[in-house]
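These protein sequence lines are chains B and X, in that order. Numbering-wise, this note's numbering puts 16 at position 6 of the first sequence, and it's gapless, one number per residue. Numbering-wise, this note's numbering puts 90 at position 81 of the second sequence, and it's gapless, one number per residue. Don't be surprised by glycine CBs; every beta carbon is placed ideally from N, CA and C. For clarity, every value in this text was computed on a predicted model and none was experimentally measured. Notes to accompany the following structure.
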Amino acid sequence: MDSRGECKQISVEAKLENLERVNEFVEYCLKDRDCSAKVKMQLELVVEEIFTNIANYAYGGNVGNVTIEGSLVDGTAKFKLKFMDRGVPYNPLERPDPDINAGIADRPVGGLGIYLVKKNVDDVTYQHKDGQNILTIEKII
Amino acid sequence: MEIQKELQGNKLNISLIGRLDAVTASQLDKVIQTELTGIEELNFDFSKLAFVASAGLRILLVAQKRMNKQGSMKIHHVNDDVMEVLEMTGFSNFLDIEN
């Protein structure tokens with residue numbers, strides 16, 4: 011990969027079956043970097059949670075695409091991943107964090123995905139622009 | 010993901026092999042929904058479980074709630090990656106984990 015920083019892109023249908031392709035894309039973006047197994051696992055988790063959310067909710071019962079852009083910032087260890095879809099406008103970051111100290115009786119089934127994203131990245135932002143949901147994560151790898 | 014099951018009377022041992030993610034969670038959900046009748050002791054072996062995501066945690070929560078009513082549930086041999094996710098989400102507080 012060009013060390014001056016390069017952007018790679020993939021566009022897939024927002025379907026759970028494509029999760030593996032998305033994981034492969036992220037691996038490909040990072041192929042020339044030495045990432046620890048721990049960082050790889052954390053990224054895999056983040057990618058899964060974001061992609062699954064889009065696949066399950068963005069387009070209701072319809073079919074739509076997700077475009078994912080991966081870039082490594084010049085001369086740094088910063089990896090940026092941008093998820094873009096044209097589904098229902100939705101900012102997942104507005105969802106309140108679950109109470110992780112609650113006992114089992116008070117734990118709702120769900121709401122953990124975006125929390126896991128927040129916990130495993132260095133930065134995450136959302137914007138709605140030109141009819142697109144854009145969720146961007148940054149992680150030091 | 011592969012699910013191996015071993016039934017001994019009212020005890021069910023389940024080994025999960027591979028990834029418990031959004032794609033595979035429904036496989037485990039099916040087992041939990043249909044095969045726990047009369048089970049008083051549910052054991053999971055996670056030694057070959059490499060990865061867990063929130064879709065999988067959801068199923069574990071459902072299983073634990075169900076077993077709280079009819080017996081007990083224990084999870085054995087959790088690897089570091091999976092343990093990290095269980096701790097991060099507070100699931101390690103109420104799951105009975107024996108490594």
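Using a Cβ-Cβ cut-off of 7 angstroms, threonine 62 of chain B is close to Ala31 and Ala64 of chain X, given in chain order.
Residue pairing by DSSP puts phenylalanine 60 of chain X in a beta bridge opposite X:Arg28. In the three-state scheme derived from DSSP, where H, G and I count as helix and E and B as strand, lysine 48 of chain B is classed as helix. At a cut-off of 8 angstroms between beta carbons, threonine 98 of chain X contacts chain B. At a cut-off of 8 angstroms between beta carbons, lysine 90 of chain B makes no contact with chain X. With at least 16 other beta carbons inside 10 angstroms of its own, asparagine 143 of chain B counts as buried. Residue nearest to glycine 80 of chain B within the set B:Val119, B:Gly74 and B:Phe89 is B:Phe89 (criterion: CA-CA distance). Taking the Cβ atoms as the reference, phenylalanine 93 of chain B lies roughly 5 angstroms from leucine 145 of chain B, within the contact range of under 8 angstroms. Buried is the label assigned to glutamate 54 of chain B, since at least 16 other Cβ atoms lie within 10 Å of its Cβ. Here DSSP, grouped into helix, strand and coil, assigns leucine 21 of chain X to strand. Interface flag for arginine 31 of chain B against chain X is unset, since no Cβ pair is found closer than 8 angstroms.
The beta carbon of isoleucine 110 of chain B sits closer than 7 angstroms to none of the beta carbons in its chain outside the five residues before and after it. When 8 angstroms is used as the limit between beta carbons, leucine 122 of chain B is near these residues of chain X: Ser63, Leu66, Arg67 and Thr98, in chain order.
For valine 131 of chain B, the closest alpha carbon among the candidates B:Glu34, B:Gln19, B:Glu23 and B:Lys48 is that of B:Lys48. Within the region 58-98 of chain X, the complete alpha helix (DSSP H) segments of 4 residues or longer fall at 63-79 and 89-97, listed in chain order.
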